[in-house]
Each structure stands twice: as structure tokens, then as C-alpha cells.
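*Asks:* For the sequence shown, position 274 (counting from the first letter as 1) is numbered 273 according to numbering that gives the first Met the number 0, and the numbering increases by one without interruption.
Please find one structure pasted underneath; my questions will follow.
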Amino acid sequence: MAEPDVEVTSEMVEDLLRGEALEEAVNLIASIHPADQAELFTRLEQDLRPSFLALLSAEGMAHLLEHLEPEERQEVVEEMPRASLARVLDRIDNDVAADILRELPPSEAARVISTMTTAGDVAPLLEHADESAGGLMTRGFVALHGDMSAQDAINYMRLIRPNVEEAYYLYVMDAANHLQGVVSLRELVVAAPDTPLRDVMESDVISVGPERDQEEVARLVQHYRLRALPVVDEERHLLGIATMDDAMDVVADEATEDMYRMAGLPAEESVYDPVMVSARRRLPWLIVNLGAAFVAAGVVSRFVDTIKDVVALAVFMPIVAGQGGNAGIQTITLVVRQMALGEVTPPDAWRVFRKELAMGVLKGIVMGLIVGVIAWVWWDNAWLGLVVGAAMLLNMLVAGFWGAVIPLGLRRLRLDPAIASGIFLTTFTDVMGFLILLGLATLMIDQLT
0 MAEPDVEVTS EMVEDLLRGE ALEEAVNLIA SIHPADQAEL FTRLEQDLRP
50 SFLALLSAEG MAHLLEHLEP EERQEVVEEM PRASLARVLD RIDNDVAADI
100 LRELPPSEAA RVISTMTTAG DVAPLLEHAD ESAGGLMTRG FVALHGDMSA
150 QDAINYMRLI RPNVEEAYYL YVMDAANHLQ GVVSLRELVV AAPDTPLRDV
200 MESDVISVGP ERDQEEVARL VQHYRLRALP VVDEERHLLG IATMDDAMDV
250 VADEATEDMY RMAGLPAEES VYDPVMVSAR RRLPWLIVNL GAAFVAAGVV
300 SRFVDTIKDV VALAVFMPIV AGQGGNAGIQ TITLVVRQMA LGEVTPPDAW
350 RVFRKELAMG VLKGIVMGLI VGVIAWVWWD NAWLGLVVGA AMLLNMLVAG
400 FWGAVIPLGL RRLRLDPAIA SGIFLTTFTD VMGFLILLGL ATLMIDQLT
């Protein structure tokens with residue numbers, strides 16, 4: 000299927016819907032992938048969205064909901080009759096159905112699930128936290144017995160016709176439903192027909208408990224290159240599987256969440272949100288940042304006389320502070336991301352700290368020499384070059400120090416290391432950059448003037 004031009008397609012669908020050419024609209028929508036349908040839906044004008052949804056079958060609605068972002072999905076679900084919602088959720092992946100039910104008021108969720116034919120598979124998922132392995136898993140998996148032959152297993156697969164992602168790994172169970180091993184579809188196909196599954200299964204199965212955080216699940220799937228990760232209870236009963244697709248979604252969501260939080264934005268923020276909603280989310284951290292800016296301004300105000308005597312300092316103040324902030328953001332972004340991936344753990348803190356301090360020294364020497372020489376040549380004052388260069392070196396050290404300490408310290412306090420880290424970091428680099436530059440200039444005011 001060729002990738003369509005969604006912008007052109009959305010214009011065509013809009014024209015068809017406004018012209019009430021519904022049969023043509025149905026055929027056009029059905030011809031594109033559900034992922035493109037979801038993007039098309041978000042581009043439609045609000046008044047046309049109900050008409051678009053009305054053209055979808057229950058199966059089509061299920062595919063659409065699977066590909067919509069949570070905010071748009073919730074908007075669609077809120078408008079759906081609850082009887083229709085139950086029919087749609089019966090056709091959707093278990094984990095997505097559970098996510099949708101969690102967003103409903105408890106009474107409505109109970110009413111919807113009571114009429115679902117897949118309630119037996121979805122209801123157990125609601126017992127687990129949304130961002131845990133139990134909340135991420137799906138109940139769609141193929142369970143086989145170790146005494147079955149490879150040919151028996153293939154015949155059974157033909158009978159039940161599982162989804163592709165559910166059939167890549169086949170889970171071997173004992174009589175008490177304990178997970179004994181796993182067989183890949185490839186191993187099953189190439190095995191001799193009469194070979195028992197226990198002879199071809201991998202008994203050392205990587206698995207997680209239902210309470211494990213979804214970030215850890217995604218890390219394991221990536222690290223071991225798995226298509227699915229089994230979720231088991233303490234007695235190794237197989238509860239479900241977390242698929243590679245689910246793990247990819249977690250990685251994308253967590254990366255976005257970390258990036259937003261470093262800038263003081265909530266994870267659910269969107270450019271399409273109403274102005275007042277976005278304002279309530281963004282203003283608190285901006286006000287905090289404003290307070291930090293006044294702290295930096297207070298530092299500058301202490302050196303007004305020095306700035307009057309050496310006007311060139313005003314030129315280099317934003318350079319020293321800005322470069323420190325940029326260097327610190329590099330460090331903080333790297334540390335936060337590698338902590339999220341599990342590549343930096345508490346025992347690694349001292350090693351990370353030493354490395355980033357060394358990087359601060361190296362960057363400070365290079366940047367200090369560059370800006371120092373420029374200041375010397377520009378203002379024909381070697382002492383000014385020395386002050387500016389030294390200030391740059393020291394502020395790079397500050398950036399390296401706080402760029403490592405802030406996320407590691409927040410993790411030590413059991414807080415998310417990405418929470419507004421960028422705002423805290425730039426506060427330190429601005430305040431210390433101004434203080435170091437103007438303080439050194441004040442000490443050497445005779446040479447500078």
C-alpha cells in the first residue's frame with residue numbers, strides 16, 4: 000500500500016463530506032491504512048468529524064482508536080453511545096480496550112464491560128496500574144503443552160488462526176498453567192513434525208512481573224531484541240504478553256514526556272489544546288522561571304558600578320551565561336535519557352559526575368580561549384580577555400556540575416529526574432555566570448579601566 004498524501008486526502012474527504020457524497024467518502028477512507036485514517040481525522044474540521052466517524056464500521060472504528068493519540072481517542076470515546084463502544088472494544092486489542100475503560104467514569108466503565116464479549120480478557124488488565132507491565136500487556140497469546148508435537152502445534156495454530164503478533168512466540172505450559180518455555184514460530188516450522196515442543200523450546204525465558212514499570216518492560220524488549228515479553232505472576236502463571244509495538248509506543252511516550260518535563264511542560268500538552276487549558280499548564284513553571292530570572296537580575300544589580308566603568312562586560316554577560324546554559328542542557332539531556340533507558344543507575348553516579356566535570360573543564364578551556372581572544376582583540380584589552388575567558392571556563396564547570404547533579408539528585412530523592420531540569424539548570428548557569436564574570440571584573444577593575 001503506497002503512502003498517501005494525507006493533506007490532499009483530507010481535503011478530498013472534506014469535499015466529499017460537505018457535498019454529502021457519502022459512498023465515495025466511504026470508499027476513499029476504506030482505501031487507506033488506519034494509521035493514515037487517524038492522521039486524516041485529526042486534520043478534519045471539528046464539524047466534519049462526526050460525519051467521518053459515522054462512516055466507519057465497528058471494525059473500522061476499532062482500528063482508528065488503536066492509532067489515535069490518547070487525547071483524540073478520549074474525545075471520540077466521550078461522544079460514542081456506550082452500547083456501540085462495547086461492540087468496538089470487543090474488536091480492539093485488549094490493552095487498548097483497558098486504557099479506554101480506565102478513562103471512563105467507574106460506573107460507565109462497569110456498564111460497558113458488562114456487555115463486552117471479551118470482558119474475560121480485558122477485566123484482568125484493569126487490576127493493574129496503567130503504566131505497569133500488567134497495564135501494558137495483552138491477553139492475546141498462544142499457549143501450548145510441552146507434550147504436543149510440532150505438527151500438532153501447527154494444526155492447532157491453523158485452527159485458532161491467531162494474530163501475527165500473538166503467534167511469533169508460542170508459550171509452552173505445564174498442566175498447572177506454569178510457563179515452562181517459549182518456542183519461536185521459526186523453530187516450530189523447521190522442526191521435524193513429530194518433535195515434542197519441550198525438545199525445541201527455550202526454557203530460560205525472560206519475563207517480568209505485572210507490577211514492573213513499563214519503562215523497564217520497554218528497555219528489556221529493546222535490549223534482548225524481543226518481539227514480545229511474557230508477564231507472569233509469582234507462581235509463573237502466564238498473565239499476558241507485552242508486544243514490541245507496545246514497547247515502541249512506551250519509548251516514544253516516555254521520550255516525549257522527558258523532553259516536555261525538562262522544559263516545564265506536562266506530558267499531555269498539545270499545540271491543539273484550548274488556549275486557557277495550555278495557559279494553566281504552562282504558566283506555573285514560567286512564573287518559577289521568572290522568579291529565577293529576578294534572582295539573576297538581582298546579582299547583576301549588585302555590580303551596576305562595575306558595568307558602568309567597563310561597558311564591554313554588558314556585551315559578554317549573555318555569552319557567558321548562555322553558553323553555560325547550552326552546555327548544561329547537553330549534559331542534563333544525556334543523563335536524563337540514559338537514566339530513562341536504564342544505562343545510568345545509582346552506582347554509576349560518581350562515574351557520571353567525574354566524566355561531566357572533566358567535560359566541563361575541556362569545554363571551558365576551549366570556549367574560554369575562543370571568547371577570551373575575541374574579547375582581547377575586539378576591545379584591545381588583554382585583561383578583559385582574561386576575565387571573560389576565566390568566567391567562561393568556570394561557568395562551564397558549573398554547567399557540568401549541575402547538569403549531572405540535578406537529575407542524579409532528583410532520582411536519589413525518588414523524583415522524576417526530568418522534572419523542569421532545564422529550568423533549574425539555566426537558573427544556576429545564569430546566576431553563576433553573571434556572578435563570576437562581574438565578580439572577577441570587580442576584583443580587577445583597575446586593570447580593566
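We put the CB at the ideal spot given by N, CA and C, even for glycine.
This structure is a prediction, so every number in the text was calculated from the model and none was measured.
Can you round the beta-carbon distance between L219 and P229 to whole angstroms, since I take them to be within the 8 Å contact cut?
*Replies:* With 8 Å as the limit, L219 and P229 do not qualify as a contact, their Cβ atoms being about 11 Å apart.
*Asks:* Going by CA-CA distance only, name the one from D14, I31, E58, S30 that's closest to R48.
*Replies:* With distances taken between Cα atoms, R48 lies closest to D14.
*Asks:* Select from N154, D415, G145 the residue whose C-alpha is nearest the C-alpha of V335.
*Replies:* Of N154, D415, G145, the residue nearest in Cα terms is D415.
*Asks:* By DSSP's criteria, M172 is part of a beta bridge. Which residues make up the other side?
*Replies:* Bridge partners of M172: H144, L178.
*Asks:* Short of 8 Å in beta carbon distance, which residues of its chain neighbour E234, apart from the five on each side in sequence? Order them along the chain.
*Replies:* Once the five neighbours on either side are set aside, the close Cβ partners of E234 are H177.
*Asks:* Could you check whether I418 and L424 sit closer than 8 Å to each other, using their CB atoms as the reference points?
*Replies:* Going by C-beta atoms, L424 is not nearer than 8 Å to I418.
*Asks:* With distance defined between alpha-carbon atoms, name the residue in I405, W378, I364 nearest to G388.
*Replies:* Nearest C-alpha to G388: I364.
*Asks:* On the DSSP letters alone, give me the boundaries of the alpha helix (DSSP H) that G321 sits inside.
*Replies:* Element bounds for G321: 311-339.
*Asks:* Out of curiosity, what's the CA-to-CA distance linking S183 and V207?
*Replies:* Taking the straight line from one Cα to the other gives about 19 Å.
*Asks:* Rounded to whole angstroms, what's the CA-CA distance from I444 to W401? Just pull it up for me.
*Replies:* Near 29 Å, if we compare the C-alpha coordinates of W401 and I444.
*Asks:* Could you work out which residue in Y168, R185, G145 is closest to D198 when comparing CA atoms only?
*Replies:* For D198, the nearest C-alpha among the options comes from G145.
*Asks:* Are the beta-carbon atoms belonging to F315 and A374 less than 8 Å from one another?
*Replies:* Going by C-beta atoms, F315 is nearer than 8 Å to A374.
*Asks:* Just mark G359 as buried or exposed, buried being the case when its beta carbon has 16 or more other beta carbons within 10 Å.
*Replies:* Buried.
*Asks:* Mapping DSSP to helix, strand and coil, what is A20?
*Replies:* Coil, per DSSP.
*Asks:* Which whole-angstrom value is the C-beta distance of E214 and A339, which I expect to be below 8 Å?
*Replies:* Right, their Cβ atoms sit about 6 Å apart.
*Asks:* Would you kindly work out how many angstroms separate the C-alpha atoms of A142 and V171, rounded to a whole number?
*Replies:* Distance between the alpha carbons of A142 and V171 is about 6 Å.
*Asks:* Starting from the Cα of A246, find the closest Cα among W377, S106, L135, R281 and give me that residue.
*Replies:* Checking every option, the nearest Cα to that of A246 belongs to L135.
*Asks:* Verify whether the separation of the beta carbon atoms of A166 and M156 is less than 8 Å.
*Replies:* Cβ atoms of A166 and M156: closer than 8 Å.
*Asks:* Which runs of the beta strand (DSSP E) spanning at least 3 residues fall entirely within the segment 220-248, listed in chain order?
*Replies:* As far as the segment 220-248 is concerned, its whole beta strand (DSSP E) runs of at least 3 residues are 227-231, 237-242.
*Asks:* Express the C-alpha separation of R301 and S9 in angstroms, rounding to a whole number.
*Replies:* Taking the straight line joining both Cα atoms gives about 59 Å.
*Asks:* By how many angstroms is the C-alpha of L67 removed from the C-alpha of E58?
*Replies:* Cα to Cα, the separation comes out at about 15 Å.
*Asks:* Once DSSP output is grouped into helix, strand and coil, what is the label at V207?
*Replies:* V207 falls in the strand class under three-state DSSP.
*Asks:* Taking buried to mean at least 16 other C-beta atoms within 10 Å of its own C-beta, is E6 buried or exposed?
*Replies:* Its Cβ having fewer than 16 others within 10 Å, E6 is exposed.
*Asks:* Which same chain residues end up closer than 7 Å to I91 when comparing Cβ atoms and leaving out the 5 residues on each side of it in sequence?
*Replies:* Counting only Cβ-Cβ distances below 7 Å, and skipping sequence neighbours, we find A61, L64, E65.
*Asks:* Does DSSP put S183 in a helix, a strand or coil?
*Replies:* Strand.
*Asks:* Could you tell me which of T41, M79, E44, E70 sits nearest to S56, measuring between CA atoms?
*Replies:* Selected option, being the one with the closest Cα: M79.
*Asks:* For N93 versus V75, is the C-beta spacing smaller than 8 Å?
*Replies:* Cβ atoms of N93 and V75: not closer than 8 Å.
*Asks:* Does the distance from the CB of G421 to the CB of V319 come in under 8 Å?
*Replies:* Cβ distance not < 8 Å, so G421 and V319 don't count as in contact.
*Asks:* For E38, name the three-state secondary structure that DSSP assigns.
*Replies:* E38: helix per DSSP, three-state reduction.
*Asks:* Where does E201 fall in DSSP's three states?
*Replies:* Correct three-state label for E201: strand.
*Asks:* What whole-angstrom Cβ distance do M327 and T441 have, given they're in contact under 8 Å?
*Replies:* Inspection of the sequence shows that residue 327 is occupied by Gly rather than by Met. Not really, about 25 Å apart at Cβ, beyond 8 Å.
*Asks:* For D46, does the count of other Cβ atoms within 10 angstroms reach 16, so buried, or fall short, so exposed?
*Replies:* Flag for D46 reads exposed.
*Asks:* Using the C-alpha atoms, what's the distance from A241 back to T330?
*Replies:* In a straight line, the C-alpha of T330 is about 32 Å away from that of A241.
*Asks:* Give me, in chain order, the residues of the same chain whose beta-carbon lies closer than 8 Å to that of L103; leave out the 5 immediate sequence neighbours on both sides.
*Replies:* Counting only Cβ-Cβ distances below 8 Å, and skipping sequence neighbours, we find V76, V111.
*Asks:* For S131, write down the residues that DSSP places opposite it in a beta bridge.
*Replies:* Paired residue(s): D212.
*Asks:* Taking the continuous alpha helix (DSSP H) assigned at T426, which residues delimit it?
*Replies:* 420-442 is the span of the alpha helix (DSSP H), which, as asked, contains T426.
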